[in-house]
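Numbering (full-length UniProt numbering), first residue to last: 1 to 663. Have a look at the structure below before the remarks.
Next comes the structure, spelled out in structure tokens:
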């Protein structure tokens, strides 16, 4: 794949993606976690690359969110979805969903979202998901008891790159290999020319070592599983709780993980534990065994009367005899018993096997002495033997476990990925259920089949600062260009936000918060929020330039504008808005302009402009009572008119009646 064809991907990023084993799959699936494993890529950058790849594959030029307010609505919609994720992965993965005018992309996501919406959120599944995270590749850990050896410079260079965990040694002949075998528990020779070599130690000739990584350095695989243990266990629990068929035998996976410690070492093997403890405890065992023998000898000497004839005494002195000779002559049996006790204690405390126990004869020599002392050279030799046995046992167990886990390496990637993708689906399902969503019906591309339209029935915005259950449903249908009038605080802006949110979600391929929705497929959403005050001359000119560009080829766009009149004086605003609406109507665009100047705009326009109204039906305790659904072809009354009408009804005077007639 030519990664540089993805929008926003240059030579450096393309090279980083090329280092991934499954970059094409990750781009196709929007797998942000896998893409983020490329050198130098953050999850945010990975999500942007995934979006670029999707746009390329669906011929989507981008630009659907044409204004800041449109982008804000998308972020709000995305936030509602992300609030319903459990994992960080799902939160980032949802960023690969974006509004588009591409029919193929919309349909692709709709199919995915329909399947997701059918999944019922299960508390046990959500709880298990909390422990799932993308698998990570651990840094290489140095393995000191094993080395690779070669006489070839090219093999040396290749081995240095392939096996950063091991020492790579250069040898010239069998003698050099023999010397390495005395320093390392295992020597792996890469040159086939050394096949059949006869040297002491664990020496193996493996010319194909690069293809037998799990055998040569099983620690690499074991460390991977050890460091990802929690995620793997949690992913297995997700599959169990959700009733999903796993890609591997979960019992086999759990059994293999139970034989592995958090640092990648083997656990649960009695023989390895015995050898490890013997190596660790040998010095303490020697010291204790000496004490056992010497305490016995001391007690015997203290309680024993030893008689030596004069001639014998003189003879011993003349010969320079020490106490050893006295022990040999007078306490030979007692010394033998003490020596046997020392050896027995030493063997028992270290749990030595018969072959290993034979070495204790040299640790405690039979020459009578007091105090009894060990031979350090013999202890060192025994320690070396035990270490070698320990390392051989550990190496075998690691190789055996790596062989078991090697078959699981790729399946566990799928296991975790499926669990993480389930979180993405559950977020969509929870969103759809929390906000009573339905999938909208697209009637075709705006501009291709007449005027752009949308029709929302019982739509409720989840963006309002009230509980969703308390939101009043809104019905609203627009075809072409429309003015939306209404009282202050009657819900005009909220209605515009609802329309924008529904359009954004629909063009993301997702369900929308309504009982039903029909709409055209638009290429762009232009949403202009209410200005915070009258603009100066420069800003006013810039705004007009924006609308001039907007009216050029606007047939497939949806335009939402909130109180554009606030940018300048009311009289001029009505004329400007009328002119903009004329251009949009001529283009066949769909547009909704919220305005308090609807009457004046309609009079100033040279074309018929529909006016809808959010009608206040009265005042109760000083509060407006509003019908939130806009009434078609109706200019809504203003708040002042309602107040004057109320006062006129409550008073006998003619003043309020005369004021009311002015409206």
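For every residue, glycine included, the Cβ atom is placed at its ideal position computed from N, Cα and C. Computed from a predicted model, the values in this text were never measured in an experiment.
DSSP three-state assignment for residue i, whether helix, strand or coil
i, result
"residue 250", "helix"
"residue 448", "coil"
"residue 634", "coil"
"residue 580", "helix"
"residue 165", "coil"
"residue 455", "strand"
"residue 522", "coil"
"residue 605", "coil"
"residue 477", "strand"
"residue 666", "Here the chain has residues from 1 to 663 only, and residue 666 is not among them."
"residue 320", "At residue 320 the pLDDT is 47, less than 50, meaning the model places this residue with poor confidence and gives no usable figure here."
"residue 376", "helix"
"residue 49", "helix"
"residue 102", "coil"
"residue 612", "strand"
"residue 569", "coil"
"residue 238", "helix"
"residue 336", "helix"
"residue 472", "coil"
"residue 491", "coil"
"residue 629", "coil"
"residue 591", "strand"
"residue 217", "coil"
"residue 313", "In this prediction, residue 313 has a pLDDT of 45, which is less than 50 and means its spatial position is unreliable; what the coordinates show is noted afterwards. Here residue 313 sits in helix by DSSP."
"residue 419", "helix"
"residue 482", "strand"
"residue 279", "helix"
"residue 542", "helix"
"residue 233", "helix"
"residue 516", "strand"
"residue 438", "strand"
"residue 6", "coil"
For residue j and residue i, believed in contact at Cβ under 8 Å, the rounded distance
i, j, result
"residue 150", "residue 162", "That pair is no contact at about 12 Å."
"residue 401", "residue 266", "7 Å"
"residue 502", "residue 459", "6 Å"
"residue 582", "residue 605", "6 Å"
"residue 598", "residue 559", "The Cβ separation is near 16 Å, so there is no contact."
"residue 282", "residue 383", "5 Å"
"residue 185", "residue 392", "7 Å"
"residue 499", "residue 454", "7 Å"
"residue 525", "residue 66", "6 Å"
Nearest-angstrom Cα separation, counted from residue j out to residue i
i, j, result
"residue 580", "residue 52", "34 Å"
"residue 528", "residue 70", "8 Å"
"residue 553", "residue 99", "20 Å"
"residue 205", "residue 287", "42 Å"
"residue 335", "residue 278", "26 Å"
"residue 518", "residue 479", "11 Å"
"residue 575", "residue 634", "20 Å"
"residue 128", "residue 586", "57 Å"
"residue 264", "residue 289", "34 Å"
"residue 5", "residue 78", "27 Å"
"residue 237", "residue 145", "37 Å"
"residue 450", "residue 95", "33 Å"
"residue 12", "residue 19", "11 Å"
"residue 85", "residue 422", "10 Å"
"residue 318", "residue 292", "Confidence at residue 318 is low in this model, with a pLDDT of 49, below 50, so its placement is unreliable and no value can be given for it."
"residue 378", "residue 359", "8 Å"
"residue 153", "residue 194", "16 Å"
"residue 300", "residue 371", "13 Å"
"residue 249", "residue 63", "46 Å"
"residue 87", "residue 47", "15 Å"
"residue 1", "residue 157", "29 Å"
"residue 338", "residue 374", "13 Å"
"residue 468", "residue 461", "8 Å"
Min CB distance residue i to chain B below 9 Å
i, result
"residue 391", "Chain labels in this structure do not include chain B; a single protein chain is all it has."
Would you call the segment 509-517 in contact with the segment 113-125, where contact means no fewer than 3 C-beta pairs closer than 8 Å? yes
So, do the segment 432-446 and the segment 266-281 have three or more beta carbon pairs nearer to each other than 8 Å? no
Report yes or no: do the segment 478-492 and the segment 404-418 share at least 3 C-beta pairs separated by less than 8 Å? no
Quick one: any contact between the segment 131-140 and the segment 170-178, if contact means 3 or more CB pairs under 8 Å? no
Can you give, in chain order, each stretch of the alpha helix (DSSP H) that sits fully within the segment 107-150 and has at least 4 residues? 123-129
As an exercise, report each continuous alpha helix (DSSP H) stretch of at least 4 residues that is fully enclosed by the segment 166-212, in chain order. With a minimum length of 4 residues, the continuous alpha helix (DSSP H) runs that stay inside the segment 166-212 are 174-183.
Segment contact flag, the segment 361-379 with the segment 340-347, C-beta cutoff 8 Å, min 3 pairs: yes
Indicate whether the contact test is met: 3 or more Cβ pairs, each with one atom in the segment 228-245 and one in the segment 346-354, closer than 8 Å. no
Is the segment 119-126 touching the segment 203-217, taking contact as three or more C-beta pairs under 8 Å? Segments in contact, no.
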